[in-house]
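Top line first, the protein sequences correspond to chains A and B. Counting in the working numbering, the final residue of the first sequence is number 464, and the numbers go up one at a time with none missing. Counting in the working numbering, the final residue of the second sequence is number 430, and the numbers go up one at a time with none missing. Ideal Cβ placement from N, Cα and C applies to all residues, glycine included.
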Amino acid sequence: MDDPVVISGIGVLSALGVGVEETAAALREGAGALAPSERGRPPEGATPLAGEVPPFRLEEFVPSPKAYLDRNSELLLAACGLALRHAGLDPAALAPERSGILVGTAWSGQDTMSAFFADYVQKGPRLVKPFLFPHAYFNTAVSLAAIEWSLRGPHQAFASGRAAAAQALIEAHDLLADGEADVLLAGGCEALGPALVRALAALGWLAPASQTAGPRVFDRRRDGLVPGEAGAVLVFERASRAQARGAPPLAVFRGGAYGAAPDVADAASAACRQALDAAGVAPSDLALVCASANGFGPLDDGEAEALRRVLGGAAVPVCAPAALCGDTQGACAALHAALSLLLRADGRVPPVPGLETPARPGPAFVTGAPAAVRPGPVLVLAADPAGSAAAFVLG
Amino acid sequence: MPSPHIFVTGLGAVTPLGFSVAGTWSALLAGRDAVGPFDLFDLGGLACNRAGQIRGYSPPPAILEAGAHDRALGFAAGACLEALGKSGMRNAECGVRSAECGTWSAECGIVTATNFGSLDRGECALVPAAGEPPSSLPPDTCRDRMAGAGADLLARALGLGGPRATVTLSCAAGAAGLALAAGILRRGRAERMLVVGYDALSRFAWSGLCALRTMARDWVRPFDRNRSGTIFSEGAAALLLETGSACRRRGAAPLAELAGWGANNNGYHMTAPAPRGAGSAQVMRQALARAGLPPEAIDHFNAHGTGTRPNDLTESQALADVFGAHAAAIPVTSVKGSLGHMLGAAGTVEAVASVLTLRDGVIPPTTHFETPDPECPVDLVANAPREVQARCVLSNSAGIGGCNAAVIFRRCDG
Chain A
70 MDDPVVISGI
80 GVLSALGVGV
90 EETAAALREG
100 AGALAPSERG
110 RPPEGATPLA
120 GEVPPFRLEE
130 FVPSPKAYLD
140 RNSELLLAAC
150 GLALRHAGLD
160 PAALAPERSG
170 ILVGTAWSGQ
180 DTMSAFFADY
190 VQKGPRLVKP
200 FLFPHAYFNT
210 AVSLAAIEWS
220 LRGPHQAFAS
230 GRAAAAQALI
240 EAHDLLADGE
250 ADVLLAGGCE
260 ALGPALVRAL
270 AALGWLAPAS
280 QTAGPRVFDR
290 RRDGLVPGEA
300 GAVLVFERAS
310 RAQARGAPPL
320 AVFRGGAYGA
330 APDVADAASA
340 ACRQALDAAG
350 VAPSDLALVC
360 ASANGFGPLD
370 DGEAEALRRV
380 LGGAAVPVCA
390 PAALCGDTQG
400 ACAALHAALS
410 LLLRADGRVP
420 PVPGLETPAR
430 PGPAFVTGAP
440 AAVRPGPVLV
450 LAADPAGSAA
460 AFVLG
Chain B
17 MPSPHIFVTG
27 LGAVTPLGFS
37 VAGTWSALLA
47 GRDAVGPFDL
57 FDLGGLACNR
67 AGQIRGYSPP
77 PAILEAGAHD
87 RALGFAAGAC
97 LEALGKSGMR
107 NAECGVRSAE
117 CGTWSAECGI
127 VTATNFGSLD
137 RGECALVPAA
147 GEPPSSLPPD
157 TCRDRMAGAG
167 ADLLARALGL
177 GGPRATVTLS
187 CAAGAAGLAL
197 AAGILRRGRA
207 ERMLVVGYDA
217 LSRFAWSGLC
227 ALRTMARDWV
237 RPFDRNRSGT
247 IFSEGAAALL
257 LETGSACRRR
267 GAAPLAELAG
277 WGANNNGYHM
287 TAPAPRGAGS
297 AQVMRQALAR
307 AGLPPEAIDH
317 FNAHGTGTRP
327 NDLTESQALA
337 DVFGAHAAAI
347 PVTSVKGSLG
357 HMLGAAGTVE
367 AVASVLTLRD
377 GVIPPTTHFE
387 TPDPECPVDL
397 VANAPREVQA
407 RCVLSNSAGI
417 GGCNAAVIFR
427 RCDG
């Protein structure tokens, strides 16, 4: 494409830090950021660890005061504010109808839903709190962000499990490529809280209580995920527009694809292959692969097998950020895209903590010591245990 | 590569007016009411006690076998199966699993559109009893709290191996789902996409919707001066979309072309519409531009028409602002007068009605209309169907959060 779609700003909050600088520093340290949970009240039998976003002041990133926001909305709004700032964009200077936002979340504001329904259960349907209900929708966070920054153009709320944010990024690319907008924010959010952690525990996805060091992503000893939270937003625009305003592109969005199949490996490999095809990139050209594996066996094994099939013998370093900052569910693809760009800029990727003996051979997992990352395209994969996936290539 | 044309080749519906497209359509044309007393659960003294409740519906075995046991996905599965079946495709082509055909079709994907997903079952896991350990929560009710789980279960039940996504743009979700699927087809990511909007009434949803204080006590009276609010319903509606080349390969006869689409946000307020429905006007213009059509090409407007004063007033204003003098020549209807407001299914059931208007040359009436409202000077198809040889129909949707979506259908010979 003569005038490709580029990423010109990153807003990111995760256990690794708030904003690009803190996050990049944490990645360089490579130690991971999982700690005993303070927000999730881990249930008995489940890992006490979580990847929680460190304290931050929302008003530093969001212009207008808010009477009520749940954690999910806070994380997204803060990420939007950070992304606009990082891109050097003055929100007041954006053309509202040509600016939009697309966001993915798997669970949305579960704590608001739980709080709203607790009144129903405990007090009766006439005593629910009306102001909570509009905050209990899956589109609450993305719509609040549109309102905050007058983003009156393309708008979409994806709730497609762990592939949700990847789909938001792919759709943002497609809309810009079609000329439907000038600037789009695209990303994901997922917030930790008791209601979500209870659900993850009931689903059998959490690592056990004995897992106090961190998840064993891709490892023979993998036994479940450690939950994390994130708000991650990328600024998308055409290269010519970024150039005209003197903003250096951080990456070109080369192409993305969906995959779906009964089996995770089939879904993930289809998404990766089609994303590489769309990008016109050969596996051996890749500088880095960012997997969404999180320590939950069926997902890890499916992704490992998919990457073995897709990469073949290409010695491309494979990282798994969930081992550093927890599994961020529907937000993972946006967070991992941001982390991948920071790792590439730094030229090195830390080893996957806890990965000593891969359960599935094949891909070049980064173990033991940091690996060099040369300049080049990055493949980001997000897969869901239910058999859907999405992948994209950042050049 | 030229962009493919996108066609509607199958329709499905499970509504309180009927468990099929034919049943729902004939009831709409007859002006029958879906709204009545609501007794799905103990209302606990809530004043809102009328709804479009589905009674006596048995979900298809395929969705039960896939592990879904909530009412919402039962409705969705029924609508999907009808749309796939009526499209005239064989099982192997459309992906429907059967004894003869256990394979998955990578050619057909699915977009689900919903407000609450499977929360009618998942709400039970939102608030654990005191001292109840998480291990006592049934895993599938926790899964039912993820709005996207429905797409996974429907894909499993129907054997759909193409792109899979869930959009949740509140009551604009159905039309926004069509917009997303159209984009997927347009970019060549798939050749067939099934789009289903669905929602079920639940304790969670009903108490919240009542708390919004937008519900009428008797009927939905869109655009009537004496309207007093909307009334919510449940159900599902599905449309199968195919590219022109996919249609040609199997000799399918399209019902209509999906010519234009768009989804946006008012950027204004979570629950109040923007002044003069500016966001709705913008998304209609976006859909017209996508279709390459001037406003004068639109022959019929299938309105969001909720029967609330803020919606009807601003939607009328948006119509006037987009279509100018031509607005007076556009017959308008809102099927919510008969059906009630089907939440995440509203956009798709109204899309189904729009396609059938093109096919049959008749607009279903807006029922319960008595008194014109000078502030909503639209040419309303009131109380009786109207014959019209429409070439292009615009269907408009809006929802909580300031979300808007619009789709335009064009007659294939238009």
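Asked                                                                                                                                                                                      : Found
Does any C-beta atom of chain B lie closer than 8 Å to the C-beta of V74 (chain A)?                                                                                                        : no
Taking DSSP as the reference, what is the three-state secondary structure of A171 (chain B)?                                                                                               : helix
I'd like to know if S114 (chain B) contacts chain A, where contact means its C-beta is closer than 8 Å to some C-beta of that chain.                                                       : Its pLDDT being 45, under 50, S114 (chain B) is placed unreliably by the model, and the measurement read from it follows with that caveat. Closer than 8 Å: no.
Would you list, in sequence order, the uninterrupted beta strand (DSSP E) runs of no fewer than 3 residues that lie entirely inside the segment 279-314 of chain A?                        : 299-307
Are three or more beta carbon pairs between the segment 218-236 of chain B and the segment 134-149 of chain B nearer than 8 Å?                                                             : yes
Starting from Y214 (chain B), trace the beta strand (DSSP E) both ways and give me its first and last residue.                                                                             : 208-215
Could you tell me whether the Cβ of I70 (chain B) comes closer than 8 Å to any Cβ of chain A?                                                                                              : no
So, using beta-carbon positions, are L151 (chain A) and G80 (chain A) closer together than 8 Å?                                                                                            : yes
Please list the partners that V190 (chain A) has in chain B, where partner means a Cβ-to-Cβ separation under 8 Å.                                                                          : V143
Please list, in chain order, the residues of the segment 234-245 of chain A that have any C-beta partner in chain B closer than 9 Å.                                                       : Q236, I239, E240, D243, L244
Classify T436 (chain A) as helix, strand or coil using the three-state DSSP reduction.                                                                                                     : coil
So R221 (chain A) contacts chain B; which residues on that side make the cut at Cβ distance below 7 Å?                                                                                     : N280, N281, N282, G283, G295, Q298
Under 8 Å between the Cβ atoms of G399 (chain A) and G297 (chain A)?                                                                                                                       : no
Please state the DSSP three-state secondary structure of G173 (chain A).                                                                                                                   : strand
Roughly how far, in whole angstroms, is the beta-carbon of G283 (chain B) from the beta-carbon of L127 (chain A), given that I think they are within contact range, below 8 Å?             : 20 Å between Cβ atoms; not a contact.
Can you tell which of B:P155, B:M209, B:G60 has its C-alpha closest to the C-alpha of G193 (chain A)?                                                                                      : B:G60
Does the beta carbon of A433 (chain A) sit closer than 8 Å to a beta carbon anywhere in chain B?                                                                                           : no
Give the DSSP-derived three-state secondary structure of W218 (chain A) in the structure shown.                                                                                            : coil
Just tell me which of A:L118, A:F200, A:P446 has its CA closest to the CA of W320 (chain A).                                                                                               : Correcting the residue type first, residue 320 (chain A) is Ala in the shown sequence and not Trp. Here the closest residue by C-alpha is A:P446.
Using 8 Å as the Cβ pair cut-off and three pairs as the minimum, do the segment 142-161 of chain B and the segment 188-204 of chain B touch?                                               : no
With distances taken between CB atoms, is the gap from F287 (chain A) to F434 (chain A) smaller than 8 Å?                                                                                  : yes
If we call anything under 8 Å between Cβ atoms a contact, is V442 (chain A) one with L357 (chain A)?                                                                                       : yes
Please list the segments of the beta strand (DSSP E) lying wholly inside the segment 214-269 of chain A, counting only runs of 3 or more residues, in order along the chain.               : 224-227, 252-259
Considering only the beta carbon of each residue, do L238 (chain A) and G325 (chain A) sit closer than 8 Å?                                                                                : yes
Chain A partners of L62 (chain B), CB-CB under 7 Å?                                                                                                                                        : P194, R195
Kindly list the residues whose CB is nearer than 8 Å to the CB of E81 (chain B), restricted to its own chain and excluding five residues on each side of it in sequence; keep chain order. : A173
State yes or no: is the C-beta of C359 (chain A) within less than 8 Å of the C-beta of V295 (chain A)?                                                                                     : no
Any beta-carbon of chain A closer than 8 Å to the one on C117 (chain B)?                                                                                                                   : Only weak support is given to the placement of C117 (chain B): the predicted model assigns it a pLDDT of 38, under 50, and the question is left unresolved by the model.
Quick check on L201 (chain B) - is its C-beta less than 8 Å from some C-beta in chain A?                                                                                                   : no
Would you please verify whether the beta carbon of Y327 (chain A) is less than 8 Å from any beta carbon of chain B?                                                                        : yes
When the cut-off is 8 Å and only beta carbons count, does F202 (chain A) lie next to chain B?                                                                                              : yes
Tell me, which residues are paired with W277 (chain B) by DSSP?                                                                                                                            : B:V423
Could you pull the DSSP bridge partners for A104 (chain A) from this structure?                                                                                                            : A:A119
Chain A partners of S186 (chain B), CB-CB under 7 Å?                                                                                                                                       : Y206, N208
Under a three-way DSSP split, which group does E123 (chain B) fall into?                                                                                                                   : coil
Using a cut-off of 7 Å between C-beta atoms, extract the partners of A99 (chain B) located in chain A.                                                                                     : Those within 7 Å of A99 (chain B) in chain A number zero; the least Cβ separation is about 18 Å.
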